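Beneath this line is the structure, given in structure tokens, with notes to follow.
2 protein chains.
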Amino acid sequence: MATIYDVSVLAGVSLATVSRVMNNNTKVSEKTKQKVLSAMDQLGYRPNTIAQSLASSRSNSVGVLVSQLDGPFYGPMMTEIETALRAGNKHVIIAAGHSDESQERDGVDFLISRGCDALILDVEAVDDEYLIKLHQGNTPIVLINRYIDEISERCVYLDNELGGYLATKHVLQHGHKQLAYISGPMFKLDSKDRLLGHKRALTEFNLAFEQELFYEGNYKEQGGSQAMDALLKVNKPFTAVVCANDQMASGAIAVCLEKGMSIPEELSFVGYDNIPFPQYISPKLTTVNNPIHEMGKMAALWVLKHVYNDPKPIVENTFSPNLIVRDSATKPIS
Amino acid sequence: MATIYDVSVLAGVSLATVSRVMNNNTKVSEKTKQKVLSAMDQLGYRPNTIAQSLASSRSNSVGVLVSQLDGPFYGPMMTEIETALRAGNKHVIIAAGHSDESQERDGVDFLISRGCDALILDVEAVDDEYLIKLHQGNTPIVLINRYIDEISERCVYLDNELGGYLATKHVLQHGHKQLAYISGPMFKLDSKDRLLGHKRALTEFNLAFEQELFYEGNYKEQGGSQAMDALLKVNKPFTAVVCANDQMASGAIAVCLEKGMSIPEELSFVGYDNIPFPQYISPKLTTVNNPIHEMGKMAALWVLKHVYNDPKPIVENTFSPNLIVRDSATKPIS
DNA sequence: CTGTTAGCGCTTTCAC
DNA sequence: GTGAAAGCGCTAACAG
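Top to bottom, those sequences are chains X and L. One gets the working numbering by counting positions in the first sequence from 1 and adding 429 to each. One gets the working numbering by counting positions in the second sequence from 1 and adding 429 to each.
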């Protein structure tokens, strides 16, 4: 591999000059510039980014830590982050936190020790305090899907309370009065917020929240199925099920279909997230749109703007959910 | 940030000794080792991996280039790769190729210039020749989902022809005689192979391949829907649809359900890949298992073993598909 | 077992 | 506008 030294020799200039034309931030005469460029070309020169990083103490890489790499939720987010960052010629280094506190901390350490210029985090197990402290360190961070007052300008998030409210209000407006609720894991902030919104809607319609018809799921299809099984055994009728995400809604609906129930006639469903798949099942799932890919993009743009000083990006950090009405929720029977 | 120098001063030893305890590949007396360790601890020392890379010309990072980051297919693969590599303390740098030749090449260049120690590639647009040449370069590569004879030991792949055969044979054994086939994009090798297997099964049952009942899809839900619409308009009856992947099968089934057809009674379906979601739709999809996550893991282990000389991993590189029988295919209506 | 020393390839003052 | 030279933080011979 040719080095900057080889180029400088071939071009008959100094190392510094070659470096200058690479970074073209200093003035170099057009003539020498061409000499250097053609020398680079002849040698098939490619800068060693590791050496650049060491010398400039910038790695041009940003670390992304998400709970999982798979699933309908994180995939699109990663896609947007990678696209935006690569367009800015930055590298994406990934790590998974698996919703586990020590793994999340490990991931962060891992990424920092790799010299990432910034971190984009979608973490849920570590507490606010940890993140606030992290924020005070040398590596800038931006949080996706989380809101912490003290570092609000670093948060890109969705108003989950509003989403929960919209979903529930939708079935309430159809006349349902007995609702079951399948939540996400309650240690997650978004689970809590969605539930809060659910309760607000209930209150608005003068309905009480029924603890017996509440089931704490795990945001996965299987969790939805389990929840549905449990709910069906409760000795309390309900005509609609509000699910804290689409995956659980799908699992729950599958159980009902299996039992020969007709959906939505016998039981209405609303999901949350608007992941692609449930559009293709029958009935098509009514849900709340979660612009997760937009949020990923915004996090990346934030980094480009504030860490790499790219003046272009316009960054916004709060997103609002909206209802997507399809076929899984209708009027209650009778 | 404390450097190795600070540690050496505090511990009262030389730089080299500190370096030795970090890499613990050379003998260091227990006593000095402890001194160094405690000095590191006191300083909260973290090695600068960039500097390590430059000095050792190993970046401890492996580049992963996939078509897309999202989707039910690549997510699980990425997860396994990240998990396996991180367990070996290696970093994963990702890039997306979007099934586009120039983007795939860019991605490779990008990853190489970042100093990756190895590349794991799931590419489909670049040709074999390019990959063979790449293989001859300095950065070791391993290919997922692709087989090239000249570099077969670098390929981790699935026998797609066999999978195609199994899927089709399954419906044929149920007595179907008129099959429609929705393929993936024909420029992709796996599409071709699956189709080949399909044709082999047909031949085995003395049936002709009907060009009119063939539709080239795009491996996406929507493509499946379009395909189904088109197929339904063809003036030729069929009782089963073999789909080259689950996503298209789901899209196709959705169209039928929408039209009020009962599946599988009126029309049988088989998919391919065994992605998680279609287990939760009704009817549950009969499909061919594609151990994509295993393949991701194997690619990672290959790198650990051959690039980083970890003696542990046992690597196998060819995988066989197997049929997963669920509810979407049954006997034809006589 | 431990210290000395020469780089890894590039950026960045500081002169000229 | 261009060159010389001092590192960035660490590894890896080479001595001892």
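Each residue gets a CB set at the ideal place from its N, CA and C atoms; glycine is no exception. Treat the numbers as computed from the prediction; the structure is a model and nothing was measured.
Compute the distance between the beta-carbons of residue i and residue j, then report whether it is under 8 Å.
i: Cys560 of chain L; j: Ala480 of chain X; result: In the sequence as presented, Cys is not what sits at residue 560 of chain L; that position holds Leu. No, they are not a contact pair.
i: Ile510 of chain L; j: Ala728 of chain L; result: yes
i: Ala669 of chain X; j: Ser691 of chain X; result: no
i: Ser679 of chain L; j: Tyr709 of chain X; result: yes
i: Val671 of chain L; j: Leu608 of chain L; result: yes
i: Pro769 of chain L; j: Thr759 of chain L; result: Any answer about residue 769 of chain L is impossible in this case: the structure gives chain L only from 430 up to 763.
i: Gln497 of chain L; j: Thr508 of chain X; result: yes
i: Val717 of chain X; j: Leu595 of chain X; result: yes
i: Val465 of chain X; j: Ala445 of chain X; result: no
i: Tyr644 of chain L; j: Ile611 of chain L; result: yes
i: Leu769 of chain X; j: Cys584 of chain X; result: Look at the range of chain X in this structure, 430 to 763, and you will see that residue 769 of chain X is not part of it.
i: Asp551 of chain X; j: Asn518 of chain X; result: no
i: Ala524 of chain X; j: Leu540 of chain X; result: yes
i: Gly544 of chain L; j: Asn477 of chain X; result: yes
i: Val732 of chain X; j: Ile549 of chain X; result: yes
i: Ser757 of chain X; j: Thr715 of chain X; result: yes
i: Gly604 of chain X; j: Pro705 of chain X; result: no
i: Leu591 of chain X; j: Ser711 of chain X; result: no
i: Val555 of chain L; j: Glu582 of chain L; result: no
i: Ser721 of chain L; j: Pro505 of chain L; result: It should be pointed out that residue 721 of chain L corresponds to Ile in this sequence rather than to Ser. Yes, the pair counts as a contact, with Cβ atoms nearer than the cut-off.
i: Ala656 of chain L; j: Ala681 of chain L; result: yes
i: His520 of chain X; j: Ile433 of chain L; result: no
i: Tyr648 of chain X; j: Gly613 of chain X; result: yes
i: Val736 of chain X; j: Asp499 of chain X; result: no
i: Tyr503 of chain L; j: Val495 of chain L; result: yes
i: Lys665 of chain X; j: Glu641 of chain X; result: yes
i: Leu730 of chain L; j: His599 of chain L; result: no
Under three-state DSSP, which class holds residue i?
i: Gly473 of chain X; result: coil
i: Ile549 of chain X; result: strand
i: Val555 of chain L; result: coil
i: Val571 of chain X; result: strand
i: Lys662 of chain X; result: helix
i: Ala431 of chain L; result: coil
i: Ile762 of chain X; result: coil
i: Asp578 of chain L; result: helix
i: Asn452 of chain L; result: helix
i: Ser467 of chain L; result: helix
i: Val442 of chain L; result: coil
i: Ser437 of chain L; result: helix
i: Val447 of chain X; result: helix
Which partner residues of residue i appear in the DSSP bridge assignment?
i: Asn751 of chain X; result: X:Asn718
Less than 7 Å between the CB of residue i and some heavy atom of the ligand GTP, yes or no?
i: Ile549 of chain L; result: Only the bare structure without any ligand can be found here, which leaves the ligand GTP out of the picture.
Query raised in the report: For the stretch 666–744 of chain L, which segments carrying the alpha helix (DSSP H) assignment without a break, of at least 4 residues, lie completely within its bounds, in sequence order?
Result: 675–687 and 721–735
Requested in this report: Could you tell me which uninterrupted alpha helix (DSSP H) segments, each at least 4 residues in length, are contained entirely in the stretch 582–656 of chain L, listed from first to last along the chain?
Outcome: 589–602 and 618–633
Requested in this report: Could you list the residues in the stretch 542–566 of chain L with a C-beta less than 9 Å from some C-beta on chain X, going in chain order?
Outcome: Ser542, Arg543 and Gly544
Query raised in the report: Enumerated in chain order, which unbroken segments of the beta strand (DSSP E) with a length of 3 residues or greater are wholly contained in the stretch 476–546 of chain X?
Result: 490–495 and 520–525
Report task. Pull out every residue of the stretch 468–490 of chain L whose Cβ sits closer than 8 Å to any Cβ of chain X, in chain order. Result -> Arg475, Pro476, Asn477, Thr478, Ile479, Ala480, Ser482, Leu483, Ser488 and Ser490
Query raised in the report: Any residues in the stretch 567–580 of chain X with a beta carbon nearer than 9 Å to a beta carbon of chain L? Which ones, in chain order?
Result: Asn567
Report task. May I ask you to list, following chain order, the residues of the stretch 516–543 of chain X that have a beta carbon less than 8 Å from some beta carbon of chain L? Result -> His520, Val521, Ile522, Ile523, Ala524, Ala525, Asp538, Phe539, Ile541, Ser542 and Arg543
**Report entry** Proximal residues, the stretch 655–686 of chain X versus chain L, C-beta separation under 8 Å
**Finding:** Correct list: Ser679, Gly680, Ile682, Ala683 and Leu686.
Query raised in the report: Quick one, which residues of the stretch 707–721 of chain L are near chain X if we go by CB-CB under 7 Å, in chain order?
Result: Tyr709, Ile710 and Ser711
Report task. Give the residues from the stretch 491–508 of chain X that approach chain L closer than 7 Å (Cβ to any Cβ), ordered along the chain. Result -> Gln497, Leu498, Asp499, Gly500, Gly504, Pro505, Met507 and Thr508
Query - Members of the stretch 690–707 of chain L near chain X, C-beta cut-off 8 Å - result: Pro705 and Phe706
Query raised in the report: Name the residues in the stretch 722–734 of chain X whose C-beta lies less than 8 Å from a C-beta of chain L; which are they?
Result: none
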